[in-house]
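>
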Amino acid sequence: LTSSSSSPGLHVIHIAAEMAPVAKVGGLGDVLSALSKALQKKGHLVEIVLPKYDCMQYESIQDLRALDLVVESYFDGQLFKNKIWIGTVEGLPVYFIEPLHPAKFFWRGKTYGEPDDLKRFSFFSRAALELLHQAGKKPDIIHCHDWQTAFVAPLYWDLYAPKGLNSARICFTCHNFEYQGTAPASEIASCGLDFHHLNRPDRMQDHSSPDRINPVKGAIVFSNIVTTVSPTYAQEVRTSQGGQGLHATLNAHAQKFVGILNGIDTDSWNPATDSYLRFQYNANDLEGKADNKKALQRLLGLSFSDSRQPLVGCITRLVPQKGVHLIRHAIYRSLELGAQFVLLGSSPVPNIRREFEEIAKKFENHEHVRLILKYDEALSRSIYASSDMFIIPSIFEPCGLTQMIAMRYGAIPIARKTGGLNDSVFDVDDDTIPVQLRNGYTFVTPDEQGFNGAFDRAFNHYKTDNEGWKELINKVMNIDFSWDTSASQYEELYLQSVSRARAARRVA
Ligand code: ADP
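Oh and the sequence shown: position 145 is 226 in this note's numbering, straight run, nothing missing.
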């Protein structure tokens, strides 16, 4: 166990609930591994701390082994042992914490969605800090993500900095302000936080009630750097309509809050090397794309008699945020316009799941529509590769990765102008945008008419201008969605914060 960095770069430790491909539920998992890889490439020492879930993709971890070190951490008035594992994921060192707690916090067959999630992740946040402390780490930056590890910020300043784990600045990234992990105030006492001290309107108290605390609010207040995942979303959440109750807190802490657009892992998402695909292809040779489309149509039992029939794809969590009514509408609109439609989606929301199960059943033998209601990485890649168009009709979207992945695989995005979609999809017909940036179709009003306004134009372009469409594919496949630029922005924020802290220490 190395205790700290001797390299000239920064020592950055991420504490998070997800990391692709070992433990991925959504975009957070992708961001964690891609940002870490990009920072490592720039010469920084990057380490990651994750829970050791039973349901991880263990085959993606190299050299997984248990350390001799047993870390004891506090919870509910007692000390509990944690077994610490270390392994390499995507070339990055990762610590996995296995709590030896009778509640078996991470032996649940799933990542999130348990009734005791607050206990599971507040336990993990504390155990992660305890690990860093007991291992004698001296990180420059501790970077926590979303409500699950938001507890790290107040725990660090209230408990761990006084104990001597005090080398770090805390960076908190909120990947989606819809999920804040609010709970009855007394519940944060389990991990050792003092709720009398923290349950105040200017600290962790939720705006909805004086008896509830809000971990995300706590992380905003107690972190040195607060980021979210696109510039437009950063503006939206500072308004009362978009802030999910946190706009006032974000405005009060505006100097330390910025939006940085996510990138994608362009090594992993690359149609020229993607080993999940039957046929690899690139922007200069799209034959493989057509072959993948045919293979997918065969696999799903769709008609493949007309190679010019457009295929519309959608890959998403089916939750209200994603505009489920517009996704449903798009199925019927695709049929009206003579297109095929393939949806890959899973839903944690029972009534949405039931609704889509019914639609899936209705179309189970249809030759132009297929709904696959599960999480499936391999299938997702063949859908990106096979789609001519890709819809993202979100009501709000912090960043969104699927529009970028779709473009990298040569599928033209049709997206609502919100959050990160507004920062990455630019309408082909919008004269106010420089021509070289225009890469898809967008709409503003989240209703069927609004959606059709973009969708019908895309369809018309596809049908009437084959050459123009091919040029558009070529253009979107060549856009640089890598993490280089965004990782530099994080690096800059880290460096500024670290040098401010050093300057302050010198003065003191
Ligand atoms: P969010 O984080 O809100 O779910 P993002 O667009 O940021 O949305 O990230 C979604 C990621 O999850 C993408 O990598 C997408 O390919 C993947 N994904 C979403 N649903 C599925 C699914 N059913 N099967 C496979 N991958 C999925």
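All residues carry an ideal CB built from backbone N, CA and C; glycine is no exception.
Since the structure is predicted, the reported quantities are computational estimates derived from the model, not experimental observations.
What is the DSSP secondary structure of residue 133, reduced to helix, strand or coil?
Look at residue 133 here: in three-state DSSP terms it is coil, with no helix or strand label.
> Within the continuous alpha helix (DSSP H) that includes residue 555, where are the two ends?
547-558
> Given 7 Å as the limit, tell me if residue 426 has its C-beta closer than that to any heavy atom belonging to the ligand ADP.
yes
> Please work out which residues of its chain come closer than 8 Å, Cβ to Cβ, to residue 82, disregarding the five sequence neighbours upstream and downstream, and give them in chain order.
Any reading at residue 82 must be qualified, since the residue scores a pLDDT of 48, below 50, and its modelled position is unreliable; the value itself is stated next. So the qualifying residues of the chain are 148, 150, 167, 216.
> In the DSSP output, what is residue 166 paired with across the bridge?
147, 177
> Give a single yes or no on whether residue 111 has its beta carbon closer than 7 Å to a heavy atom of the ligand HEM.
Ligands displayed in this structure: the ligand ADP; the ligand HEM is not among them.
> Rounded to a whole number of angstroms, what is the C-alpha to C-alpha distance between residue 496 and residue 488?
12 Å
> Per DSSP, what are the beta-bridge partners of residue 366 in this structure?
363
> Who pairs with residue 399 in a beta bridge, going by DSSP?
None, per the DSSP bridge assignment.
> Just to confirm my understanding: we take residue 376, look at its own chain, exclude 5 residues before and 5 after, and list those with CB closer than 6 Å. What are they?
359
> Shortest alpha-carbon distance to residue 137 belongs to which of 250, 178, 558?
Of the listed residues, the one whose Cα sits closest to residue 137 is 178.
> Out of curiosity, what's the CA-to-CA distance linking residue 222 and residue 246?
12 Å
> Which residues bound the beta strand (DSSP E) around residue 523?
522-524
> Looking only at its own chain, which residues have a Cβ that is under 7 Å from the Cβ of residue 276, when we skip the five neighbours before and after it?
266, 267, 269, 270, 294
> Just verifying my parser: in three-state terms, what is the DSSP assignment at residue 406?
If DSSP states are grouped into helix, strand and coil, residue 406 belongs with the helices.
> Quick one: what does DSSP say residue 422 is sitting in, helix, strand or coil?
strand
> Under 8 Å, do residue 494 and residue 473 count as touching if we go by C-beta distance?
yes
> In or out: residue 465 buried (at least 16 other Cβ within 10 Å) or exposed?
The residue in question, residue 465, is buried, as its Cβ has 16 or more Cβ neighbours within 10 Å.
> Going along the chain, which residues of its own chain have a beta-carbon closer than 6 Å to the beta-carbon of residue 471, five neighbours each way excluded?
Contacts found: 394, 487, 492, 494.
> Just to confirm my understanding: we take residue 280, look at its own chain, exclude 5 residues before and 5 after, and list those with CB closer than 7 Å. What are they?
266, 286, 294
> Specify the secondary structure class of residue 225 as computed by DSSP and reduced to three states.
Of the three classes helix, strand and coil, the one that applies to residue 225 here is strand, per DSSP.
> Is it the case that the CB of residue 171 approaches a heavy atom of the ligand ADP more closely than 7 Å?
No; taking the cut-off as 7 Å, the Cβ of residue 171 has no heavy atom of the ligand ADP nearer than that.
> Go through its chain and collect everything with a Cβ distance to residue 181's Cβ below 7 Å, but skip five positions before and after it.
161, 162, 163, 164
> Note down, in chain order, each residue of its chain lying with its Cβ closer than 7 Å to the Cβ of residue 539, except the 5 sequence neighbours on either side.
470, 493, 495, 522
> For residue 115, which residues of its own chain have a beta-carbon under 7 Å away from its beta-carbon, when the five flanking residues on both sides are left out?
Hits under 7 Å: 344, 345, 346, 564.
> Looking at the secondary structure, which residues open and close the beta strand (DSSP E) in which residue 182 lies?
Where residue 182 is concerned, there is no enclosing beta strand (DSSP E), given that its DSSP letter is neither H nor E.
> Among 407, 93, 510, 262, which has the Cα closest to the Cα of residue 197?
262
> Going by alpha carbons, who is nearest to residue 274 out of 503, 124, 204, 544?
204
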